[in-house]
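These notes are about the structure you will find just below.
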Amino acid sequence: MESTRFKVAEHLFEIEHDGIDLIGLLPNLTPFISDDKGATLFNIRIDNNINPSWRGTRVGFFPCPSASFEVYRKDNGAYQILVMDDSNIPCAFLQGDSDNRHFSITTRGNDSNRRFGLNNAIMVIFTICTAPHKTLLMHSSVIENGGKAYMFLGASGRGKSTHSDLWTKHIEGSTLINDDNPVLRIDNNGTPILYGSPWSGKRPIYKNVHYPVGGMTAIEQEKENRIRKEPIPAAFGILLCSCSTMKFDKKIHLDICATITDVLKAIPVHTLSCRPDKEAAELSHSTLKQ
-6 MESTRFKVAE HLFEIEHDGI DLIGLLPNLT PFISDDKGAT LFNIRIDNNI NPSWRGTRVG
54 FFPCPSASFE VYRKDNGAYQ ILVMDDSNIP CAFLQGDSDN RHFSITTRGN DSNRRFGLNN
114 AIMVIFTICT APHKTLLMHS SVIENGGKAY MFLGASGRGK STHSDLWTKH IEGSTLINDD
174 NPVLRIDNNG TPILYGSPWS GKRPIYKNVH YPVGGMTAIE QEKENRIRKE PIPAAFGILL
234 CSCSTMKFDK KIHLDICATI TDVLKAIPVH TLSCRPDKEA AELSHSTLKQ
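Just so it is clear: in the sequence shown, position 173 is 166 by the numbering used here, and no numbers are missing.
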């Protein structure tokens, strides 16, 4: 049996991949390879000889900007999820057990389809399994500055990556650590810690690093630069819209909401209305560093 262990945000998992060049297919996993022999949170077996079989009740169809997911649930509570690309072409089929501990993934199509399907299937499994452990898979671009992580939030196209680039250009000591899907986890002291991940959207920023969160702000494009601190209800909504919520599972969704509540006990959320310029970066920097 050929298998490789990985650790993301201190969560250990193992992938069995007999006859499959896993790292060749997903080199983004490389920085997260682990030799930790401890207990895993979950295990995945990749087996392209499995013939997908729908045996559950259809939960729903969930479109996302770059992928869509058709979710089924078996009588024992185990999930079956079909992963499709932005053209609704099936690329992967994952099946879990009732305890969300053991999963199998079957991929289909050419190498590009398989890479896309496998990567997204692992992301879904990671989100399902880590939600009970005060962990959020975020949609955010993140800068490290002065040993802390600064998170820029918002829907695709709002300017998160552009604002990160403004920090790296104009704010001394700034480094991009993830540009799409970092992991946010609450540690045992109640501190939100931001981790790099194997998933970073269009830019290959796969850094196995972690920093305490120094600040977070939603980004919206405006003609003038201004920033405001959001009240708790609005801040909660911003964070909920900025993470993988798994709304089809009530328990997982409640776990995610509880973690967001813990984040807001420690870190406020701002909204930056801005132009894509140096002044906007300086404004967010001076506000979030306070």
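Cβ atoms here follow ideal geometry from the backbone N, Cα and C, with glycine treated the same way. Being a predicted model, the structure only gives us computed values, none of them experimental.
For a test of the three-state rule: what should DSSP assign to residue i, helix, strand or coil?
i, result
"Met239", "coil"
"Lys222", "strand"
"Glu272", "helix"
"Thr254", "helix"
"Ala71", "coil"
"Met131", "strand"
"His95", "strand"
"Ser167", "coil"
"Ser277", "helix"
Report the option in the options whose CA atom is closest to the CA atom of residue i.
i, options, result
"Ile260", "Gly207, Asn44 and Ser154", "Gly207"
"Ala251", "Ile220, Asp242, Pro125 and Ser157", "Pro125"
"Leu233", "Glu9, Leu247 and Asp270", "Leu247"
"Asn44", "Leu75, Ala60, Gly17 and Leu18", "Leu75"
"Arg108", "Met77, Asn93 and Leu5", "Met77"
"Gly150", "Gly166, Asp172 and Leu129", "Asp172"
"Ala32", "Glu7, Ile225, Ala228 and Lys282", "Glu7"
"Glu217", "Ile225, Lys271, Ile249 and Glu63", "Lys271"
"Thr50", "Asn36, Phe35 and Asp68", "Asp68"
"Ser193", "Leu281, Ala274, Met131 and Phe35", "Met131"
"Met(-6)", "Leu34, Ile39 and Asp28", "Ile39"
State yes or no: is the C-beta of residue i within less than 9 Å of the C-beta of residue j?
i, j, result
"Asn42", "Thr(-3)", "no"
"Asn113", "Ile82", "no"
"Ala142", "Tyr65", "no"
"Pro175", "Leu187", "yes"
"Leu87", "Ser80", "no"
"Gln73", "Arg48", "yes"
"Gly70", "Ile121", "no"
"His278", "Ile179", "no"
Rounded to whole angstroms, how far is the Cβ of residue i from the Cβ of residue j, which I believe are closer than 8 Å?
i, j, result
"Ser235", "Leu146", "4 Å"
"Thr155", "Pro20", "Not a contact, Cβ separation roughly 26 Å."
"Lys127", "Asp255", "6 Å"
"Ile225", "Leu257", "6 Å"
Quick check on the burial criterion: 16 or more other C-beta atoms within 10 angstroms. Buried or exposed for residue i?
i, result
"Cys57", "exposed"
"Lys153", "buried"
"Asp242", "buried"
"Pro191", "buried"
"Asn182", "exposed"
"Gly53", "exposed"
"Ile249", "buried"
"Ala85", "buried"
Checking contacts by CB at 9 Å: is residue i closer than that to chain B?
i, result
"Glu272", "The chain inventory of the structure shown lacks chain B, comprising one protein chain alone."
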